[in-house]
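Residue numbers (this note's numbering): 73 to 257.
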Amino acid sequence: MSSKAVIFGLRCLGAVLVILGASGFGISMAVQYTKRLSQLEQLRRMIFLLKGQIVYANASLPEAFEAVGKREKGPLGALFLAAAKQAETLEEANFSAVWEQEIGKLEEKNGREQSALSRSDRQSLAGLGRHLGFLDREMQERNLLLYLEELDEQIAQLRGHRQETCRLYTSLGVMGGIFLAVILI
73 MSSKAVIFGL RCLGAVLVIL GASGFGISMA VQYTKRLSQL EQLRRMIFLL KGQIVYANAS
133 LPEAFEAVGK REKGPLGALF LAAAKQAETL EEANFSAVWE QEIGKLEEKN GREQSALSRS
193 DRQSLAGLGR HLGFLDREMQ ERNLLLYLEE LDEQIAQLRG HRQETCRLYT SLGVMGGIFL
253 AVILI
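Take a look at the structure:
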């Protein structure tokens, strides 16, 4: 076998690996988009349950967060349980700080994202915590309803664009890989 054939074979192998890598990146972006939508839907269920615990079960904030956290799994369930545990040791007036601290832990743990929620999603969720804990139940209910409306709008927007966005991410990954492979060859 000549050295030109070996070099050509290695270039082709490299091109295939570049295409596969870029395609994988595009697919992972599409999966991340879908996971974000799924977690926002889960968060909507959890906030709805939280509203029920506060308004109808007349539960304190730590009890309500613990009850909701036990019903849901994943990073959001763990977030609610951790916030409940921390809030039990503090006064309710400090719940905002506890909530923001726990959301900060949700962002990164051991260098990995714990949640598919975007930065704006986490900021909005942190904003909800500023309005809980020191208001009367009626105001807490109104704030939870307002947050639920925001979530509904966000979820509707993501659902409406899911198919085209996922297709775009996947296609761009494949096409970007082909483009890089052509440039490298």
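Ideal Cβ positions, reconstructed from N, Cα and C, are used throughout, including at glycine.
Nearest residue (CA-CA) to residue i, options the options
i: residue 219; options: 127, 130, 120 and 103; result: 120
i: residue 195; options: 131, 210 and 173; result: 173
i: residue 202; options: 216, 190 and 189; result: 216
i: residue 242; options: 78, 92 and 79; result: 92
i: residue 135; options: 113, 158 and 115; result: 158
i: residue 150; options: 177, 127, 100 and 239; result: 177
i: residue 193; options: 175, 208 and 244; result: 175
i: residue 148; options: 237, 213 and 117; result: 117
Three-way DSSP call (helix, strand, coil) for residue i in this model
i: residue 79; result: helix
i: residue 182; result: Confidence at residue 182 is low in this model, with a pLDDT of 44, below 50, so its placement is unreliable and the value that follows should be read with caution. Here residue 182 sits in coil by DSSP.
i: residue 257; result: coil
i: residue 200; result: helix
i: residue 228; result: helix
i: residue 208; result: coil
i: residue 241; result: helix
i: residue 132; result: coil
i: residue 110; result: helix
i: residue 187; result: coil
i: residue 162; result: coil
i: residue 85; result: helix
i: residue 90; result: helix
i: residue 100; result: helix
i: residue 248; result: helix
Residue interval of the alpha helix (DSSP H) (run including residue i)
i: residue 145; result: That residue, residue 145, is in no alpha helix (DSSP H); it is neither H nor E in DSSP.
Residue i CB to nearest heavy atom of the ligand FAD below 7 Å
i: residue 124; result: For the structure depicted, the ligand FAD is absent and the ligand set is empty, with no information on it obtainable.
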